[in-house]
């Protein structure tokens, strides 16, 4: 009797176990995301609609006043310009160079692992250290880069005073750390390209460069999209490198390289104005969403423009051609 | 023959491509893996690797001299003897050991926790049937695209309310589990555990958590190791949030470097000594685990 009751309890417990355990297992992520991810993000909009001081806390409800103020500030627009400029200067070259490095790695190398690790090495260096080192290399006086420029007879560049030059220096830091990482992502995607595509291109008389442009790059398109989208989300929030580029950390004497996140930090923690800092956060969020949408539509357009029409028949044609050639070859061999 | 051709296995196609060899020079080089790289490729790759090493080498060079070396007409080619003097000054200026210990604590605890919770959640998503698992997983993946860093202001307020500002908990707790980790383990476990194994464990009378312990954990080990490494590196190199929430008394290494720069911005040697010291631990880690990082990135890329 008592054992039957225990069995009943057992099986009920095990049914519960089976039904609810999965929810228990996934709950840590959802609980944590709700508290430290979603809630702060939503609450940012609430803070942005108030006078809100770092120390004094919540003040009056001001509606869109923080936003109109920020949008009227020259500093905001400069930070927007800087963010976009650094983002473009880092993402563009980075993707291109990473693809080329991946193409070089995607060959029958000796000591494969060594080369792959060598390319990845900068990834483990903390961005703060990267910024300190490059800050020294790009120093206007006594910097190695400017000295090298002088040696080859060029004028030294104002790597800090000139805004475009400073963006270039900061983009170099970003590229230093991430190019190898992305190269490995591209390498993995390249290895997934069917080898016979290369052969067929070869039969069509395509040289190595042509193969790279007509086979490798088109086949990498999904990966390129993936890399660009992930670097958009991170790249537009860039903080570490511009913060550490000089000792004051204010993004240059005239905000030449003050990015939006740096601006956000300065408003919130230097000027104690949480309301306006939150307004910048909301605006940056909208920017990221907008660029995400642009990314999405562009990639969709590219995908439908030639993915449907251009490539499919040409591949089939290649294959047909190859089959014909092989048949001919067999005939020849038979003779 | 013509009927058989389309289903010819890849090997045979590659073979016939080779015998076809219309150009002598590239007879066995139809592209990709089969190409034999020449010295140009090796040269370019060596340049890339050296380009990656050079800034670190430069940091050692300058960090081991006196700062005046930079204003001299020629740059040093070899490390000087000033490194330990500089290192001593670095440690006097900022709580360097404390920062190192803090970085180790933060990186290790978050990596362990991310691995544990992600494996648990990944197991549920990959192998257990429950209502809503599909949409919930989509939700997890979607959160990877959310720039949660933009919630810093309220997050800071939360930490201030809890009295955690200046404490390591403020850095550790938000990083205890990541969407990437959950996604990563889900992808891996989906193919790593045969369903029969779980069924067998259930038939043997294992309850859910014991099945997880005996079936999932052993199978998860390779992916878990990689996830550990990535999380470790990510938290070791993280700056933005620790910089905001930790005070100067209790920094992590990147935060300590920032303090060092603020205190000694005219003395590049000291600053770069600090940069070197903060980088060395991860370089050592990289020597031993770089292989796993490489294959982790490559596996993640294929699946993502």
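Chains as they are written, first to last, in the UniProt record's numbering: chain H, 1 to 335; chain V, 1 to 304. Glycine included, C-beta positions come from ideal geometry on N, C-alpha and C. Source: prediction; values computed, not measured.
#1: CA-CA distance, residue 174 (chain V) and residue 52 (chain V)?
#2: What does residue 158 (chain H) reach in chain V if we use C-beta pairs closer than 7 Å?
#3: Which residues of chain V have a Cβ atom closer than 7 Å to the Cβ of residue 116 (chain H), listed in chain order?
#4: Can residue 293 (chain H) and residue 182 (chain V) be called in contact, C-beta distance under 9 Å?
#5: Pull up the distance between the alpha-carbon of residue 112 (chain V) and that of residue 184 (chain V), whole angstroms please.
#6: Out of H:93, H:107 and H:199, state which residue places its alpha-carbon closest to the alpha-carbon of residue 305 (chain V).
#7: Once the 5 residues before and after residue 24 (chain V) are set aside, which same chain residues still bring their CB inside 6 Å of it?
#8: Tell me residue 61 (chain H)'s beta-bridge partners as DSSP assigns them.
#9: Report the residue ranges of all alpha helix (DSSP H) runs contained in full by the segment 202-289 of chain V; include only those spanning at least 4 residues, in chain order.
#10: For a quick check, are the C-beta atoms of residue 124 (chain H) and residue 233 (chain V) less than 9 Å apart?
#11: Measuring straight from C-alpha to C-alpha, what distance separates residue 260 (chain H) and residue 284 (chain H)?
#12: Mind checking which residues open and close the alpha helix (DSSP H) that includes residue 214 (chain H)?
#13: Consult DSSP for residue 17 (chain H) and reduce its assignment to one of helix, strand or coil.
#14: Is the Cβ of residue 207 (chain V) closer than 9 Å to any Cβ of chain H?
#15: Here's the rule: buried if 16 or more other CB atoms are within 10 angstroms of the residue's CB, otherwise exposed. What is residue 124 (chain V)?
#16: Looking only at its chain, what residues have a beta carbon closer than 6 Å to the beta carbon of residue 278 (chain H), apart from the 5 residues adjacent to it on each side?
#17: Against chain V, does residue 256 (chain H) count as a neighbour if the rule is that its beta carbon must be under 9 Å from one of theirs?
#18: Hey, is residue 178 (chain H)'s beta-carbon within less than 9 Å of any beta-carbon in chain V?
#19: Which class does residue 273 (chain H) belong to by DSSP, given the choice of helix, strand or coil?
#20: In the DSSP assignment, find the alpha helix (DSSP H) that holds residue 92 (chain V) and state where it starts and stops.
#21: Could you check if residue 117 (chain H) is buried or exposed, using at least 16 other CB atoms within 10 Å of its CB as the buried criterion?
#22: Could you tell me whether any Cβ in chain H is nearer than 9 Å to the Cβ of residue 58 (chain V)?
#23: Taking only beta-carbon atoms, is residue 274 (chain V) less than 9 Å away from chain H?
#24: Can you tell me which of the three DSSP states residue 239 (chain H) falls into?
#25: Could you list which residues in chain H have their beta carbon closer than 7 Å to that of residue 226 (chain V), in chain order?
#26: Alpha helix (DSSP H) containing residue 150 (chain H): first to last residue?
#27: Alpha carbon to alpha carbon, what distance is there between residue 213 (chain H) and residue 42 (chain V)?
#28: If the cut is a Cβ gap below 7 Å, which residues of chain V does residue 146 (chain H) touch?
#29: For residue 187 (chain V), would you say it is in contact with chain H, using Cβ-to-Cβ distances shorter than 9 Å as the test?
#30: Between the Cα of residue 267 (chain H) and those of H:179, H:97, H:79 and H:150, spot the shortest distance and give me the residue it belongs to.
#31: For a cutoff of 9 Å on Cβ pairs, would you count residue 285 (chain V) as touching chain H?
#32: Could you tell me if residue 240 (chain H) is buried or exposed, where buried requires 16 or more neighbouring beta carbons within 10 angstroms of its beta carbon?
#33: So, is residue 323 (chain V) buried or exposed, given that buried needs 16 or more other C-beta atoms within 10 angstroms?
#34: Buried or exposed: residue 238 (chain V), going by 16 or more other Cβ atoms within 10 Å of its Cβ?
#35: Which whole-angstrom value is the C-beta distance of residue 252 (chain V) and residue 59 (chain V), which I expect to be below 8 Å?
From the atom records:
#1: Within the second chain, the letter at position 174 stands for residue 174 (chain V). Within the second chain, the letter at position 52 stands for residue 52 (chain V). Rounded to the nearest angstrom, the two C-alpha atoms are 32 Å apart.
#2: Here residue 158 (chain H) refers to the residue found at position 158 when the first chain is read from its first residue. Correct list: empty, because the minimum Cβ distance to chain V is about 18 Å.
#3: One-based indexing of the first chain puts residue 116 (chain H) at position 116. 294, listed in chain order.
#4: Working through the first chain from its first residue, we reach residue 293 (chain H) at position 293. Working through the second chain from its first residue, we reach residue 182 (chain V) at position 182. Contact flag unset, no.
#5: Position 112 of the second chain holds residue 112 (chain V). Position 184 of the second chain holds residue 184 (chain V). Taking the straight line joining both Cα atoms gives about 15 Å.
#6: Lying outside 1 to 304, the shown extent of chain V, residue 305 (chain V) is not represented and no answer is given.
#7: On the second chain, residue 24 (chain V) is found 24 positions in, with the first residue counted as 1. Interpretation of residue 24 (chain V) is limited by its pLDDT of 38, a score under 50 that renders its predicted location unreliable; no figure is taken from the coordinates.
#8: Within the first chain, residue 61 (chain H) is the residue found at index 61, counting from 1. In the DSSP output, where bridge partners are listed per residue, residue 61 (chain H) has H:50.
#9: 208-211, 217-237, 240-245 and 253-263
#10: Here residue 124 (chain H) refers to the residue found at position 124 when the first chain is read from its first residue. Here residue 233 (chain V) refers to the residue found at position 233 when the second chain is read from its first residue. Yes, these two residues count as a Cβ contact at 9 Å.
#11: Within the first chain, residue 260 (chain H) is the residue found at index 260, counting from 1. Within the first chain, residue 284 (chain H) is the residue found at index 284, counting from 1. Taking the straight line from one Cα to the other gives about 7 Å.
#12: For this step, residue 214 (chain H) is matched to residue 214 along the first chain. From DSSP, residue 214 (chain H) is part of no alpha helix (DSSP H); its letter is neither H nor E.
#13: Along the first chain, read from residue 1 onward, the residue named residue 17 (chain H) stands at position 17. Reduced to three states, the DSSP call for residue 17 (chain H) is helix.
#14: Working through the second chain from its first residue, we reach residue 207 (chain V) at position 207. So yes, residue 207 (chain V) belongs to the interface.
#15: The sequence position of residue 124 (chain V) within the second chain is 124, counting from 1. Answer is buried; the Cβ neighbour count reaches 16.
#16: The residue you call residue 278 (chain H) lines up with position 278 of the first chain. Contacts found: 44, 47 and 48.
#17: Mapped onto the first chain, residue 256 (chain H) falls at position 256. Output row for residue 256 (chain H): interface = no.
#18: Here residue 178 (chain H) refers to the residue found at position 178 of the first chain. With 9 Å as the cut-off, residue 178 (chain H) does not count as an interface residue toward chain V.
#19: Numbered from its first residue, the first chain carries residue 273 (chain H) at position 273. Reduced to three states, the DSSP call for residue 273 (chain H) is strand.
#20: In the second chain, counting from the first residue as 1, residue 92 (chain V) sits at position 92. First-last of the alpha helix (DSSP H) with residue 92 (chain V): 83-93.
#21: By one-based count along the first chain, residue 117 (chain H) stands at place 117. Counting Cβ neighbours within 10 Å, residue 117 (chain H) comes out buried, since at least 16 surround it.
#22: The residue labelled residue 58 (chain V) in the question sits at position 58 within the second chain. Answer yes: the Cβ-Cβ gap between residue 58 (chain V) and chain H drops below 9 Å somewhere.
#23: By one-based count along the second chain, residue 274 (chain V) stands at place 274. Taking Cβ atoms only, chain H reaches closer than 9 Å to residue 274 (chain V), which makes this a yes.
#24: On the first chain, position 239 is the one that residue 239 (chain H) refers to. Reduced to three states, the DSSP call for residue 239 (chain H) is coil.
#25: By 1-based counting over the second chain, the position of residue 226 (chain V) is 226. Per Cβ cutoff of 7 Å: no residues; residue 226 (chain V) is ~13 Å from chain H at best.
#26: Translated into the one-based positions of the first chain, residue 150 (chain H) becomes position 150. Unbroken alpha helix (DSSP H) run through residue 150 (chain H): 144-151.
#27: For the purposes of this step, residue 42 (chain V) is taken as residue 42 along the second chain, with counting starting at 1. For the purposes of this step, residue 213 (chain H) is taken as residue 213 along the first chain, with counting starting at 1. If I take the Cα positions, the gap works out to 21 Å.
#28: Taking the first residue of the first chain as position 1, residue 146 (chain H) is located at position 146. Here the premise fails: no neighbours, minimum Cβ distance about 12 Å.
#29: For the purposes of this step, residue 187 (chain V) is taken as residue 187 along the second chain, with counting starting at 1. With 9 Å as the cut-off, residue 187 (chain V) does not count as an interface residue toward chain H.
#30: The count along the first chain starts at 1 and reaches residue 267 (chain H) at position 267. It is H:79.
#31: Translated into positions along the second chain, residue 285 (chain V) becomes position 285. Yes, its Cβ sits closer than 9 Å to a Cβ of chain H.
#32: Here the question's residue 240 (chain H) lines up with position 240 in the first chain. When all chains shown are included, residue 240 (chain H) counts as buried.
#33: Coverage of chain V is limited to positions 1 through 304, which leaves residue 323 (chain V) absent and any answer about it impossible.
#34: Within the second chain, residue 238 (chain V) is the residue found at index 238, counting from 1. Looking at its Cβ environment, which holds 16 or more other Cβ atoms inside 10 Å, residue 238 (chain V) is buried.
#35: Residue numbering aside, residue 252 (chain V) sits at position 252 when the second chain is read from its first letter. Residue numbering aside, residue 59 (chain V) sits at position 59 when the second chain is read from its first letter. Wrong, their Cβ atoms sit about 19 Å apart, outside the cutoff.
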